[in-house]
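Numbering-wise (this note's numbering), the sequence shown opens with residue 457 and increments by one.
One structure is given here, and the rest of the page talks about it.
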Amino acid sequence: MDDFLFAIPPLPSADWERHNQEQRQVWEGFSRGAQSRVPMILGVNPRFLLCDRRYNPRGVTFREYMTDPEVMWRVQREFALFARHFLPYDHEMGMPEEWHIYLDPQNVGEAAWFGAEVLYPDGDVPDTRPLLGDDNKGMLFEKGLPDPFGGLYGHLRDFYEKYAAGWTFLGRPGVCDPSGFGTDGPFTVACNLRGAAEFCMDLYLDPDYAQELLEFITQATIRRMNAWNAYFGQPVPDNFWFADDSIALLSTEDYERFVLPFHQKLIAGVTSGKGRNHTIHLCGDASRHFRLICDRLHVTAFDTGYPIQHGKLMRELGPEVTVQGGPPVALLQNGTPERVTAETRRILEEVLPCTRRFILREANNLPPGTPLANVAAMYEAARRYGRYERQPD
457 MDDFLFAIPP LPSADWERHN QEQRQVWEGF SRGAQSRVPM ILGVNPRFLL
507 CDRRYNPRGV TFREYMTDPE VMWRVQREFA LFARHFLPYD HEMGMPEEWH
557 IYLDPQNVGE AAWFGAEVLY PDGDVPDTRP LLGDDNKGML FEKGLPDPFG
607 GLYGHLRDFY EKYAAGWTFL GRPGVCDPSG FGTDGPFTVA CNLRGAAEFC
657 MDLYLDPDYA QELLEFITQA TIRRMNAWNA YFGQPVPDNF WFADDSIALL
707 STEDYERFVL PFHQKLIAGV TSGKGRNHTI HLCGDASRHF RLICDRLHVT
757 AFDTGYPIQH GKLMRELGPE VTVQGGPPVA LLQNGTPERV TAETRRILEE
807 VLPCTRRFIL REANNLPPGT PLANVAAMYE AARRYGRYER QPD
């Protein structure tokens, strides 16, 4: 591995086929509501290697990753190798028949697409600088809707066309999956472009402008997502996965008044209209909105962050709604395996009596520096304490 970008440890020997058979059985059972235990996933990406000097002694930067297609390709394939051998959860592990990489705009893609400057702090993920000040609030309206393949998204399309197929890694073929054309949500994008405090004040002090900006972002997003869907040759989906983390800043009344109509427009604009099982990712303390989101958006799955009262939430939403959640990332990063095990067990014992639609995960986005022993402890706790006593009749 001398030509690797990262200092990946020697690959462990393990009974990967046994693990892979177990995780397949868990997910097959979950699809029928007959799983033997709670499944576990991880939200983790190349940040885990890029921002940890133990694995990144060469100092490969996010700027290089985001701007050089070859670096993104090399980083992603090495991260895939790392995840398949050192991060245990219910996914396929060991060497694959085929490598899969993806288009990665991180959390800056949409704001950068609208024209925001991308910042690259040393040793951290990229960010963007707010674009719309009090003196130029209407500049985007004057420019018109951006090209769906412009800016950073043009760079990602170039990456896809170069690495869609026809490459190998460690003797195995690789492909780039259609990806990278989702959304972080109109309210979150508005906060990125205007500044969170500024846009929240706009809702009250300049509501006509706030609504115009949300409408502009929503229409641009629909146009972009449909263009990318057509580019990849994908059918129009029935169901939709999206996020809008910044609605945690709002009361439920203000979410319903200011933002919910744009979530409805977004779903209607990018789906067939037939779906009744949409998914939303919401970090932070947003669970007060969940019942309304279920009822008005036909969302039946929530990907959560922290803080969440898992048992209380599952009881409120009912056994048909899927919730993904688990121990906070600060505990995984800084705690001990014993503390991780105890917290995972506590959460599982809260939710097991309520539902078979709970998926264990870190809350939210596994950070660099997390000891691998803590990830292993979480997975072993899922396997031990996440078991259902009996199968449904």
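Think of the CB as a built atom: it goes at the ideal place given N, C-alpha and C, for glycine as much as any other residue.
| Item | Value |
| --- | --- |
| Under a three-way DSSP split, which group does residue 846 fall into? | Here the model assigns residue 846 a pLDDT of 48, short of 50, so the residue's position is not dependable and the matter cannot be decided. |
| Assuming residue 702 contacts residue 653 (C-beta within less than 8 Å), just tell me the rounded distance between them. | About 11 Å; that fails the 8 Å criterion. |
| Quick one: grab the DSSP three-state call for residue 496. | strand |
| List in chain order: all unbroken alpha helix (DSSP H) runs of 4+ residues lying wholly within the segment 777 to 809. | 785 to 790 and 793 to 807 |
| Output the boundary residues of the alpha helix (DSSP H) element that contains residue 671. | 663 to 687 |
| Quick one: any contact between the segment 793 to 801 and the segment 770 to 779, if contact means 3 or more CB pairs under 8 Å? | no |
| Just the C-alpha distance for residue 705 and residue 782, rounded to the nearest angstrom, thanks. | 22 Å |
| Taking the beta carbon of residue 616 as the centre, do at least 16 other beta carbons fall within 10 Å, making it buried, or is it exposed? | buried |
| When the distance is taken between beta carbons, is residue 495 closer than 9 Å to residue 833? | no |
| Looking at the strands, I want to know which residues DSSP matches up with residue 573. | 585 |
| Tell me the DSSP bridge mates of residue 755? | 734 |
| To the nearest angstrom, how far is the alpha carbon of residue 591 from that of residue 810? | 52 Å |
| Does the distance from the CB of residue 716 to the CB of residue 747 come in under 9 Å? | no |
| Need the endpoints of the alpha helix (DSSP H) that residue 642 sits in, please. | 642 to 650 |
| Going by DSSP in three states, residue 774 sits in which element: helix, strand or coil? | coil |
| Please specify which runs of the alpha helix (DSSP H), each continuous and at least 4 residues long, are wholly inside the segment 691 to 752, giving them in chain order. | 716 to 726 |
| Distance check for residue 488 and residue 601, CA to CA, integer angstroms please. | 43 Å |
| List the endpoints of the continuous beta strand (DSSP E) containing residue 556. | 555 to 557 |
| Please report the straight-line C-alpha distance between residue 548 and residue 707, rounded to a whole angstrom. | 40 Å |
| CA-CA distance, residue 737 and residue 521? | 25 Å |
| Hey, how far is the Cα of residue 599 from the Cα of residue 756? | 37 Å |
| Please look up how many angstroms separate the CB atoms of residue 543 and residue 807, rounded, as I've assumed it's under 8 Å. | With 8 Å as the limit, residue 543 and residue 807 do not qualify as a contact, their Cβ atoms being about 23 Å apart. |
| Would you call the CB atoms of residue 845 and residue 813 closer than 9 Å? | no |
| Taking the alpha carbon of residue 677 as the reference point, which residue from 606, 827, 836 and 826 has its own alpha carbon closest? | 606 |
| Can you tell me where the alpha helix (DSSP H) holding residue 523 begins and where it ends? | 518 to 523 |
| Going by other Cβ atoms of all chains shown within 10 Å of its Cβ, with 16 needed for buried, is residue 692 buried or exposed? | exposed |
| Evaluate residue 760 with the Cβ neighbour count: other Cβ atoms within 10 Å of its Cβ, from every protein chain shown; 16 or more gives buried, anything less gives exposed. | buried |
| When we look at the beta-carbon of residue 664 and count the other beta-carbons within 10 Å, is it buried (16 or more) or exposed? | exposed |
| Can you confirm whether the segment 718 to 731 touches the segment 679 to 697 when touching is taken to mean that 3 or more C-beta pairs between the two stretches lie within less than 8 Å? | yes |
| Is it right to say residue 661 is buried, meaning 16 or more other beta carbons lie within 10 angstroms of its own, or is it exposed? | exposed |
| Can you say whether residue 848 is buried or exposed, counting buried as having 16 or more other CB atoms within 10 angstroms of its CB? | Low confidence applies to residue 848: its pLDDT is 46, below 50, so where it sits in the model is not reliable, and the reading given next is rough at best. Under this definition residue 848 is an exposed residue. |
| Where do the N-terminal and C-terminal ends of the alpha helix (DSSP H) with residue 564 fall, by residue? | Here residue 564 belongs to no alpha helix (DSSP H), and DSSP marks it neither H nor E. |
| Buried or exposed: which applies to residue 473, given that a residue is buried once 16 or more other Cβ atoms fall within 10 Å of its Cβ? | exposed |
| Which of the three DSSP states is assigned to residue 538 in this structure? | helix |
| Do the segment 562 to 579 and the segment 503 to 521 touch if we need at least three Cβ pairs shorter than 8 Å? | yes |
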